[in-house]
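Reading through the structure tokens given below for one structure.
Residue numbers (the working numbering): 1389 to 1674.
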């Protein structure tokens, strides 16, 4: 059952919130009366002690004039922003440059320091790539010299490793298999570079566990777009040229539950991924 507010309690709450919004906007009683088309005496009565509440039309007019929501004025919401403002802030479209220096993504990592970060990469996780793979993958996009770019990239990775954040990374089985065999996206990457990358992944599983946990899920059973969940406050779905960024707690929680589903269904959990990588490595040159 919903919690109903007695009129004797709602009226003082409306009065205090109306006064708060007027003070914030610098609007006087006379100015609010002009904006809403109400008599000044009506506005004065709303601000006077008592149990008087406005009708729906005047409530909406006050909310519009003060740029707040009617629900907030009436105590039905804890947030003063109008619904359209809340929605605009909770779901945004952000640029996603295909390069190593995505300042917005770096900022999200910094803001989430101390929280667990869950990640489904578009290919291999950037933070676990070797310099050779980085140079091959971003050769046409680095802009500066490859050495400078990789050095700056490594600095960022070092920060991530010491940021007090635990990382859970879920990858589709077919992606790591394609990498091992040089198929699809990874066609053309030399065998030596792929072998060195596999050595690096295995080493990361050994040295960074349990702060880093890798999972391999079966995309035949469950699909995931590339997505990163930064603690409880932000989730970003990668589209290619843009991220869809969610800040609304309910939507972030839904995406987090999706990630947890990938982990639960993964044939190779955090403790089994290393052995699977070793098995793939053994057949890479065949």
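The beta carbon of each residue, even a glycine, is placed where N, CA and C say it ideally should be.
As the structure is a prediction and not an experimental result, all values here were calculated from the model.
{"Check": "DSSP puts residue 1602 in a beta bridge; with which residues?", "Outcome": "1557"}
{"Check": "Between residue 1554 and chain B, is there a C-beta pair that is closer than 9 Å?", "Outcome": "Given the protein chain composition of this structure (a single chain), no chain B is represented."}
{"Check": "Assuming residue 1461 contacts residue 1405 under a Cβ cut-off of 8 Å, what Cβ separation, rounded to an integer in Å, is found between them?", "Outcome": "5 Å"}
{"Check": "Return the CA-CA distance between residue 1648 and residue 1575, expressed in angstroms with no decimal places.", "Outcome": "31 Å"}
{"Check": "My output table needs one value for residue 1626: the three-state DSSP class, helix, strand or coil.", "Outcome": "strand"}
{"Check": "Is residue 1582 near residue 1568, with beta carbons less than 9 Å apart?", "Outcome": "yes"}
{"Check": "Using 8 Å as the Cβ pair cut-off and three pairs as the minimum, do the region 1502-1513 and the region 1554-1568 touch?", "Outcome": "yes"}
{"Check": "What residue from 1672, 1593, 1420 and 1613 has the CA that sits closest to residue 1452's CA?", "Outcome": "1420"}
{"Check": "With DSSP run on the structure shown, which of helix, strand or coil describes residue 1510?", "Outcome": "coil"}
{"Check": "For residue 1513, tell me which candidate among 1562, 1412 and 1602 has the shortest Cα-Cα distance.", "Outcome": "1602"}
{"Check": "Are residue 1645 and residue 1620 close, meaning C-beta to C-beta below 9 Å?", "Outcome": "no"}
{"Check": "With hydrogens ignored, establish whether the beta-carbon of residue 1510 is closer than 8 Å to any heavy atom of the ligand SAM.", "Outcome": "Among the ligands in the structure shown, none appear at all, so the ligand SAM cannot be discussed."}
{"Check": "Is residue 1665 closer than 9 Å to residue 1596 when the C-beta atoms are compared?", "Outcome": "no"}
{"Check": "Use the C-beta contact count for residue 1396: other C-beta atoms within 10 angstroms, 16 or more gives buried, fewer gives exposed.", "Outcome": "exposed"}
{"Check": "Counting along the chain, where does the beta strand (DSSP E) carrying residue 1424 start and finish?", "Outcome": "That residue, residue 1424, is in no beta strand (DSSP E); its alpha helix (DSSP H) goes 1417-1424."}
{"Check": "So what's residue 1671 in DSSP terms, helix, strand or just coil?", "Outcome": "coil"}
{"Check": "Look at the alpha carbon of residue 1431 and the alpha carbon of residue 1399, and state the distance between them as a whole number of angstroms.", "Outcome": "13 Å"}
{"Check": "Roughly how many angstroms lie between the CA atoms of residue 1410 and residue 1659, to the nearest whole one?", "Outcome": "58 Å"}
{"Check": "Return yes when the Cβ of residue 1436 is within less than 9 Å of the Cβ of residue 1403, no when it is not.", "Outcome": "yes"}
{"Check": "Evaluate residue 1522 with the Cβ neighbour count: other Cβ atoms within 10 Å of its Cβ, from every protein chain shown; 16 or more gives buried, anything less gives exposed.", "Outcome": "buried"}
{"Check": "Give every residue of the same chain whose Cβ lies closer than 6 Å to the Cβ of residue 1599, excluding the five residues on either side of it in the sequence, and list them in chain order.", "Outcome": "1554"}
{"Check": "So, for residue 1433: in the same chain, excluding its five sequence neighbours on each side, which residues have a beta-carbon less than 8 Å away from its beta-carbon?", "Outcome": "1440"}
{"Check": "What's the call for residue 1585, buried or exposed, on a 16-neighbour Cβ count within 10 Å?", "Outcome": "buried"}
{"Check": "Could you tell me if residue 1407 is buried or exposed, where buried requires 16 or more neighbouring beta carbons within 10 angstroms of its beta carbon?", "Outcome": "exposed"}
{"Check": "When you compare only the Cα positions, how much space is there between residue 1516 and residue 1611?", "Outcome": "22 Å"}
{"Check": "Helix, strand or coil for residue 1456 per DSSP?", "Outcome": "coil"}
{"Check": "Provide the residue span of the alpha helix (DSSP H) that contains residue 1647, from first to last.", "Outcome": "1637-1653"}
{"Check": "Taking the beta strand (DSSP E) that residue 1697 falls in, what are its first and last residues?", "Outcome": "Because the chain in this structure spans residues 1389 to 1674, residue 1697 falls outside the shown range and cannot be described."}
{"Check": "For my contact list, residue 1577 and residue 1672 are in at a C-beta cut-off of 8 Å; report their separation, rounded to the angstrom.", "Outcome": "Actually they do not touch by this definition, with Cβ atoms about 12 Å apart."}
{"Check": "Have a look at 1639, 1654, 1634 and 1502 and flag the residue whose alpha-carbon is nearest the alpha-carbon of residue 1609.", "Outcome": "1654"}
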